[in-house]
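Contents: one structure, followed by commentary.
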Amino acid sequence: MGTTAHAANKDANGSLAEKKPTVVFVLGGPGSGKGTQCANIVEHFGFTHLSAGDLLRAEIKSGSENGNMIQNMINEGQIVPSEVTIKLLQRAMLESGNDKFLIDGFPRNEENRAAFEAVTRIVPAFVLFFDCPEAEMEKRLLSRNQGRVDDNIETIRKRFKVFLESSLPVIEHYNSRGKVRKVDAARPIEEVYESVKVIFSPKIEKAD
26 MGTTAHAANK DANGSLAEKK PTVVFVLGGP GSGKGTQCAN IVEHFGFTHL
76 SAGDLLRAEI KSGSENGNMI QNMINEGQIV PSEVTIKLLQ RAMLESGNDK
126 FLIDGFPRNE ENRAAFEAVT RIVPAFVLFF DCPEAEMEKR LLSRNQGRVD
176 DNIETIRKRF KVFLESSLPV IEHYNSRGKV RKVDAARPIE EVYESVKVIF
226 SPKIEKAD
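If you count the sequence shown from 1, position 173 lands on 198 in the working numbering, and the numbers rise without skipping.
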């Protein structure tokens with residue numbers, strides 16, 4: 026059975042790479058406004074938005090063998106292997122029928138990044154990085170969170186720390202290759218989207 030699964034994976038990798046899809050990694054700390062901006066890009070530029078976290082949650086909810094394995098790993102405080110997330114992303118990309126993707130919240134670290142490129146043979150067109158000061162992200166998250174503020178602040182700060190430690194090396198890797206498009210995400214939503222539009226417009230015209 027392992028051989029069949031391996032062959033199926035090989036097919037998925039091959040057919041995806043052959044499609045030469047446009048992949049944009051979307052990175053930004055919690056509260057940087059990534060989700061809102063991704064929705065705008067989908068609406069105006071025809072991209073498919075894939076959230077690694079949503080795909081993992083959907084797989085768990087499906088009750089599949091794979092979903093149960095993911096749930097057990099999370100329960101035990103283990104990190105879900107890159108290959109598992111990449112397989113879910115590949116499947117979603119193939120099933121979408123589209124060839125333009127925003128991959129949100131992935132790669133979370135250097136290991137994710139290297140594995141994605143090795144497994145899919147796809148190098149992202151660029152990385153869209155929503156750069157937002159920690160104080161602003163904290164303010165946004167607290168205003169949309171209810172409950173005990175102290176707990177929230179502590180949790181939020183832990184999330185910032187994880188983002189900085191793990192995602193910044195990914196941003197630096199692509200930056201050294203001229204592939205990072207940094208957006209000042211501390212501004213109002215409309216202003217941020219004006220900057221995003223400028224980044225995406227020439228890419229789309231070239232593709233037509």
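Where a beta carbon is used, it is the ideal one built from N, C-alpha and C, also for glycine.
Start-to-end residues for the beta strand (DSSP E) that takes in D129:
125-129
With three or more beta-carbon pairs closer than 8 Å as the criterion, would you say the segment 147-162 touches the segment 52-69?
yes
Which full runs of the alpha helix (DSSP H) of 4+ residues lie inside the segment 102-154, going along the chain?
107-121, 135-145
Which runs of the alpha helix (DSSP H) fall wholly inside the segment 57-105 and span at least 4 residues, in chain order?
59-70, 77-87, 90-100
Can you tell me where the beta strand (DSSP E) holding R169 begins and where it ends?
Not the beta strand (DSSP E): R169 falls in the alpha helix (DSSP H), residues 159-169.
Starting from L189, follow its DSSP beta bridges and name the residues at the other end.
L189 pairs with nothing; no bridge assigned.
Measure the CB-CB distance between G60 and A210 and report whether it falls below 8 Å.
no
Would DSSP call K44 helix, strand or coil?
coil
Measure the alpha-carbon distance for L127 versus P149 and round it to whole angstroms.
10 Å
Chain-order list of residues whose beta-carbon lies under 7 Å from that of P132 (same chain, five-residue window excluded):
F50, R138, F141, V195
Just checking V217 against the ligand HEM - is the residue's beta carbon closer than 7 Å to any of the ligand's heavy atoms?
Questions concerning the ligand HEM fall outside what the structure shown contains, since it holds no ligand whatsoever.
So, with DSSP's three-state summary, where would you put K204?
coil
Would you list the residues sitting across from V51 in a DSSP beta bridge?
D129, L153
If you count every other CB in all the chains shown that lies within 10 Å of the CB of S107, and 16 or more means buried, which is it?
The residue in question, S107, is buried, as its Cβ has 16 or more Cβ neighbours within 10 Å.
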